[in-house]
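Have a look at the structure below, then the notes.
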């Protein structure tokens, strides 16, 4: 064990350190949060087990991003997957957990299988498991092999990251774990897949073919859109957040894909800038998604439900959680002055700068990607208006929501820390981007010493001479000033004005929770406009007492889970069918089984003769 | 001299292949083990290792005396008819055994043994392992599965002792103990199977599958 730590099994370059930092800043508040989150939720022994598993999980993630040996990497990767599996099925009260865990463990192992295949291919060329020797060996690797390795890596890490259509496990597994673990899984674990892509595709392989970048870009764009559309349809608050993670991974991968694209086109400045945008969004997403999951966990802890249709009015009973959630929601909707705005702005800028620097067809492609990213941003804002509005505003829709109480201090501390970070990441963007430039430079293998992305300590300026500026602190100040001005105007001019109403009041005087807008109703326009993809259908059932009187009427509306129905269900059917066929070799005769062993023995010896 | 003993081993193995009844099978196994004892003794005399004498003694006590005796006892206690229930009749079995012996010759050649005494020894060892496996596959009674395993173990012992000049004494003892215990356990199993199902016909256990 000691030998493992003393030998050269670690590689602490800026890329690894960056990911370690991300793990650190999300793990700390989650751990603090878990103190009171777990209290009262489980028995004492189980609470202890949860803490142990959480520590093991964090340690595994930290190891994944810092080891320098492919074999050790795989082992850590598997430990991370397995520990998180145990955390997903931790809540054994619900049958859903077991099902979610099942989907998760199958998908994660499929992903790992792809990774093993890719690493084996690398090994056959490098004859070593060490990162550096593999990196050197990749210089002489044939193009065809590189393409295969790239596809395998993309599929393997894509499964963990939740790239559509491999995202299927994510909305099941992430919400099912205890909330601080959800925040770790969504905030950090899926980012280790991005680390894998950066480390093994950009750093080790190097972009070799034109199509690598566009493939990632197309997948990322689809991931963004699909993720946010599904998130809009969701009424379970944690699943909504999980789908939104799918979307954000898409945005991060847009940066990565763009960077790969520019690397192939030999535009180092743009490549580094695009990767900085991706990395910055990565750290931002880790912060605000961690925050949002912690808030959702607080809501769950206080009310015992995750169904938004049963919540509402929590801003009065849980004001602090509401504020933190609002901060997170604004950040994730890319509203200034929070951090999501800066990184999405940078990603868009990377697209625009790229479009200015390439020729015809590619220009169009980048333009379309940028447009779809903008659409994603808009949908995300709608989604979080819904998430915040339905959960925290209006009147409580159920007894649980009415009786909710503000969560205890350690939970609030965890949320506060992350909420503060969303602001810090935005205001300190220039500083952070300088650090990220070094990280991106290492990942791309480019010297970033001569590159500058900022005008001074406050103002971002992506490219000299393009007259594109952004200053988050100034923006924040302007917003604060406008807000203050508005407030003053309101207090001076708005007060004292007579407001009189209520005679009949348009029937508004007796509103209760049943008159409220629901989550499903809110998302209806989107359900209609994306009906080509969501394929909504409704089911009605009327029970007639007589011809004139309907005794009961039920109305359900659903959307078709496209990926499950058209990709995974047929696949599962095929697997089960072949399993039934395979079962014929198991007739129950011991002699036949012994015969199998015997024949295998003979064949193995024959094979041995071949080598 | 040692070649002669090897031929004794292979002949005893062929006897097991054509045996149709339980006592014949056990008797042949005893012959085989006895020849194994002889060859170990010959090696011991030639090399003069004290360890090898002990191994030889162990074989004599365990495999020649105790195991066959225990098997006889089980056979008598469960008191079923003595037919082994051949899935492949004895003539065909013998032909297959000969073919397996030929295969072993080829394998020993691929391993790099061409002419000398060791080539013969390795061939015989392989053949004994294969035929043991074949016995397990092609006989119905649970009894034969136990015997087949023991035969395979004999073959592996032979292989080990000629390929590497004998295994370390401790390993040898451990393996012998394993064999002993496996005989006892399987004896119990066969006894239990017989008690529950009133037969030890493995063929009829197929309803136990999942």
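Residue numbers (the working numbering), protein chains in the order written: chain A, 29 to 639; chain B, 28 to 237.
Just so it is clear, CB atoms sit at the ideal spot from N, CA and C, and this is done for glycine as well.
Taking all protein chains shown into account, decide if residue i is buried (16 or more other Cβ within 10 angstroms of its Cβ) or exposed.
i	result
residue 220(B)	buried
residue 375(A)	buried
residue 570(A)	exposed
residue 213(B)	buried
residue 340(A)	buried
residue 205(B)	exposed
residue 150(B)	buried
residue 309(A)	buried
residue 211(B)	exposed
residue 213(A)	buried
residue 137(B)	exposed
residue 263(A)	buried
residue 294(A)	exposed
residue 347(A)	exposed
residue 119(A)	buried
residue 57(B)	buried
residue 97(A)	buried
Does any residue of chain B have a CB that is nearer than 8 Å to the CB of residue i?
i	result
residue 623(A)	yes
residue 134(A)	no
residue 619(A)	yes
residue 633(A)	yes
residue 604(A)	no
residue 626(A)	yes
residue 629(A)	yes
Measure the C-alpha to C-alpha separation of residue i and residue j and round it to an integer number of angstroms.
i	j	result
residue 223(B)	residue 91(B)	31 Å
residue 99(B)	residue 47(B)	15 Å
residue 466(A)	residue 344(A)	45 Å
residue 366(A)	residue 320(A)	14 Å
residue 146(A)	residue 181(A)	6 Å
residue 123(B)	residue 231(A)	59 Å
residue 111(B)	residue 41(B)	15 Å
residue 207(A)	residue 61(A)	9 Å
residue 159(B)	residue 45(B)	13 Å
residue 60(B)	residue 83(B)	10 Å
residue 207(B)	residue 178(A)	55 Å
residue 285(A)	residue 404(A)	17 Å
residue 186(A)	residue 194(A)	7 Å
residue 287(A)	residue 52(A)	26 Å
residue 123(A)	residue 189(A)	25 Å
residue 128(B)	residue 68(B)	25 Å
residue 473(A)	residue 161(A)	16 Å
residue 241(B)	residue 611(A)	Since the first and last residues shown for chain B are 28 and 237, residue 241(B) lies out of range.
residue 142(A)	residue 209(A)	26 Å
Does any residue of chain A have a CB that is nearer than 8 Å to the CB of residue i?
i	result
residue 161(B)	yes
residue 134(B)	yes
residue 121(B)	no
residue 190(B)	no
residue 164(B)	yes
residue 89(B)	no
residue 125(B)	no
residue 114(B)	yes
Roughly how far, in whole angstroms, is the beta-carbon of residue i from the beta-carbon of residue j, given that I think they are within contact range, below 8 Å?
i	j	result
residue 506(A)	residue 355(A)	About 18 Å separates the two Cβ atoms, so there is no contact after all.
residue 517(A)	residue 419(A)	Wrong, their Cβ atoms sit about 31 Å apart, outside the cutoff.
residue 215(A)	residue 325(A)	Between residue 325(A) and residue 215(A) the Cβ distance is about 12 Å, and since that is not below 8 Å, they are no contact.
residue 257(A)	residue 334(A)	Not really, about 20 Å apart at Cβ, beyond 8 Å.
residue 292(A)	residue 241(A)	6 Å
residue 121(B)	residue 165(B)	Rounded, the Cβ-Cβ distance is 12 Å, inconsistent with contact.
residue 468(A)	residue 307(A)	6 Å
residue 349(A)	residue 435(A)	6 Å
Spell out whether any CB of chain E is found under 8 Å from the CB atom of residue i.
i	result
residue 128(A)	In the displayed structure, chain E is absent; the protein chains listed are A and B.
Inter-stretch contact (C-beta, 8 Å, three-pair minimum) for the stretch 274–286 of chain A and the stretch 423–432 of chain A: Short answer: they don't touch.
The stretch 187–206 of chain A / the stretch 123–136 of chain A touching (three or more Cβ pairs under 8 Å): Taking one beta carbon from each stretch, the stretch 187–206 of chain A and the stretch 123–136 of chain A have 3 or more pairs nearer than 8 Å; the two touch.
Validate contact between the stretch 104–119 of chain A and the stretch 85–92 of chain A using beta carbons, cut 8 Å, 3 pairs: Because the criterion of three Cβ pairs below 8 Å is met, the stretch 104–119 of chain A and the stretch 85–92 of chain A touch.
contact_flag[the stretch 134–144 of chain A, the stretch 74–84 of chain A] where n(CB pairs < 8 Å) is 3 or more: Segment contact: the stretch 134–144 of chain A against the stretch 74–84 of chain A, fewer than three CB-CB distances shorter than 8 Å; contact not assigned.
Touching by the beta-carbon criterion (3+ pairs, under 8 Å), the stretch 614–625 of chain A and the stretch 215–225 of chain A: Output reads no: the stretch 215–225 of chain A does not touch the stretch 614–625 of chain A.
Touch test, the stretch 550–569 of chain A against the stretch 577–588 of chain A, Cβ-Cβ under 8 Å, three pairs minimum: Touching, yes.
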